[in-house]
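Visitor: Residue numbers (our numbering), protein chains in the order written: chain A, 1 to 157; chain B, 158 to 326.
Note that CB positions come from ideal geometry on N, CA and C, so glycine has one too.
I'd like to ask you about the structure that follows.
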Amino acid sequence: MRLFFLLCRLGMATVFLVSALSKFSDLEAFAISISRYRLLPWASVHPAAIFLPGVELAISIGFFIGPGWRRAASWISVFLLSVFTSAILISQYRGLNLECGCFPSEAMSSPAGWTKVAINLLWLGAAYVAGLDFPNRSANTIQESLMESCAEERDPL
Amino acid sequence: MKRFSGPAGMWIYYKVLWLALTGCLLGAFVNALRGEKRIPWREGEAILFERRLAEAGLAVIGASVIRDRNRKTDRLLDVRSTSRYRAGRIPGAVSFPAENGIESLLAVAKDLLDARWIVVYCDGLQCDDALRVGCLLRDAGFKGIYIYAGGFDDWVKHGGKLERGEPAP
Chain A
1 MRLFFLLCRL GMATVFLVSA LSKFSDLEAF AISISRYRLL PWASVHPAAI FLPGVELAIS
61 IGFFIGPGWR RAASWISVFL LSVFTSAILI SQYRGLNLEC GCFPSEAMSS PAGWTKVAIN
121 LLWLGAAYVA GLDFPNRSAN TIQESLMESC AEERDPL
Chain B
158 MKRFSGPAGM WIYYKVLWLA LTGCLLGAFV NALRGEKRIP WREGEAILFE RRLAEAGLAV
218 IGASVIRDRN RKTDRLLDVR STSRYRAGRI PGAVSFPAEN GIESLLAVAK DLLDARWIVV
278 YCDGLQCDDA LRVGCLLRDA GFKGIYIYAG GFDDWVKHGG KLERGEPAP
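Written as structure tokens, this is what we have:
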């Protein structure tokens with residue numbers, strides 16, 4: 001079980017790292033991909049293309065620098081993946097035949113279709129799990145939690 | 158998972174905010190470091206072209222969708238000159254020289270009637286021919302028109318296969 005949690009964390013960090021580097025390598029292609037979804041105002045396409053890979057890079061680092069940051073990275077990644085999946089669903093509804101733009105520099109980007117939605121949902125699950133604490137906590141951690149709650153009871157403020 | 162209540166629980170929100178802000182700054186920093194390859198904060202040339210396509214009511218299609226297309230129902234029109242078409246084209250593309258305008262349309266109209274999608278391409282983002290032919294087809298009443306905005310240059314850049322010479326009958 002512990003291995004599963006660790007794999008989710010590693011997997012998400014890797015996915016966001018590869019995605020960020022791929023976007024940084026061709027920011028213009030990424031900007032074009034964003035514009036083709038036709039969801040953002042034209043003026044905000046380039047700022048989004050500049051900020052998003054940075055946020056993805058920060059997420060991938062966040063998964064490894066402590067429990068609080070890991071949880072924050074998990075929250076942001078769940079939010080981003082929900083936005084990406086919704087964008088693909090909207091494009092499907094509108095009948096647009098788009099490329100995903102998830103990894104813009106790959107040799108032949110994959111279409112933004114139902115397969116991509118399914119993959120994103122899997123990632124979404126993994127991103128949520130990656131923010132959780134290990135279920136089989138060590139005796140020390142349990143003891144620390146008990147001491148914490150006792151302290152809270154003694155001094156609720 | 159811990160409950161996020163009380164002052165200690167607020168830290169998670171600060172961390173989310175910090176991580177997002179750091180990410181934005183990181184993105185701006187990396188873009189600034191890219192020298193000539195950096196993209197402007199305002200709309201660039203490519204985005205302006207996309208905007209023109211959107212305003213013309215034409216949808217855009219990408220290389221992977223063209224690669225996976227159904228050749229029986231989807232038509233691909235190469236609107237570059239005949240000589241450039243013969244020198245190299247996307248496999249299965251039909252020649253539709255934009256310079257011949259309506260003549261080209263008459264030559265291929267019958268073939269386009271039962272098409273599910275009609276994909277039009279020229280050299281790339283620098284050429285307007287695909288946009289013009291797209292508008293011509295739209296005005297002639299055809300449905301399902303897509304523009305491969307990246308065009309032939311994008312296809313070659315992505316390592317797509319090429320077809321040369323006269324088209325197979």
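Can you give me the Cβ contacts of A/Ser-91 inside the same chain, cut-off strictly under 7 Å, excluding the 5 residues immediately before and after it?
Guide: Position 91 of the first sequence, counted from the start, is the residue given in the question as residue 91 of chain A. Correct list, in chain order: Tyr-37, Leu-98, Ala-112.
Visitor: Considering only residues of the same chain and omitting the five flanking positions on each side of B/Thr-239, which have a CB-CB separation below 7 Å?
Guide: Residue numbering aside, residue 239 of chain B sits at position 82 when the second sequence is read from its first letter. Excluding sequence neighbours, B/Thr-239 sits near Ser-252, Pro-254.
Visitor: So is B/Glu-323 in contact with chain A if we call contact Cβ pairs under 8 Å?
Guide: In the second sequence, residue 323 of chain B corresponds to position 166, counting from 1. No, no contact with chain A.
Visitor: Specify, as a first and last residue, the run of the alpha helix (DSSP H) that A/Leu-124 falls within.
Guide: Here residue 124 of chain A is taken as the residue at index 124 of the first sequence, counted from 1. Residues 114 to 130.
Visitor: Compare the beta carbon distance of B/Ala-272 and B/Asp-225 with 8 Å and say whether it is the shorter of the two.
Guide: Along the second sequence, read from residue 1 onward, the residue named residue 272 of chain B stands at position 115. Along the second sequence, read from residue 1 onward, the residue named residue 225 of chain B stands at position 68. In this structure, B/Asp-225 does not lie closer than 8 Å to B/Ala-272 by Cβ.
Visitor: For A/Asn-120, decide whether its Cβ has a neighbour in chain B, counting only Cβ atoms nearer than 8 Å.
Guide: As a working mapping, residue 120 of chain A is identified with position 120 in the first sequence. With 8 Å as the cut-off, A/Asn-120 does not count as an interface residue toward chain B.
Visitor: Find out if the Cβ-Cβ distance for the pair B/Leu-270, B/Ala-306 is shorter than 8 Å.
Guide: Sequence index remark: in the second sequence, residue 270 of chain B carries index 113 (1-based). Sequence index remark: in the second sequence, residue 306 of chain B carries index 149 (1-based). Not in contact: B/Leu-270 and B/Ala-306 (Cβ atoms no closer than 8 Å).
Visitor: Does DSSP put B/Ile-204 in a helix, in a strand, or in coil?
Guide: Stepping through the second sequence from its first residue, residue 204 of chain B is reached at position 47. In the structure shown, B/Ile-204 sits in a helix (DSSP, three-state: H, G or I).
Visitor: Under 8 Å, with one C-beta from each stretch per pair, do the segment 61 to 78 of chain A and the segment 27 to 34 of chain A reach the 3-pair mark?
Guide: Verdict: no, contact absent.
Visitor: Are the segment 294 to 310 of chain B and the segment 190 to 197 of chain B touching, with three or more C-beta to C-beta distances below 8 Å?
Guide: Touching, no, given that fewer than three Cβ pairs across the two stretches are closer than 8 Å.
Visitor: Who does B/Leu-233 pair with in a DSSP beta bridge?
Guide: As a first step, residue 233 of chain B must be located in the second sequence, where it is residue number 76. Paired residues: B/Val-276.
Visitor: Give a yes or no on whether the minimum CB-CB distance between B/Asn-188 and chain A is below 8 Å.
Guide: Within the second sequence, the letter at position 31 stands for residue 188 of chain B. Taking Cβ atoms only, chain A reaches closer than 8 Å to B/Asn-188, which makes this a yes.
Visitor: Can you tell me whether A/Ser-44 is buried or exposed? The criterion is at least 16 other CB atoms within 10 Å of its CB, across all chains shown.
Guide: Position 44 of the first sequence, counted from the start, is the residue given in the question as residue 44 of chain A. Result: exposed.
Visitor: Could one say the Cβ of A/Leu-17 lies closer than 8 Å to chain B's Cβ atoms, at least one of them?
Guide: Counted from its first residue, the first sequence places residue 17 of chain A at position 17. So, not an interface residue.
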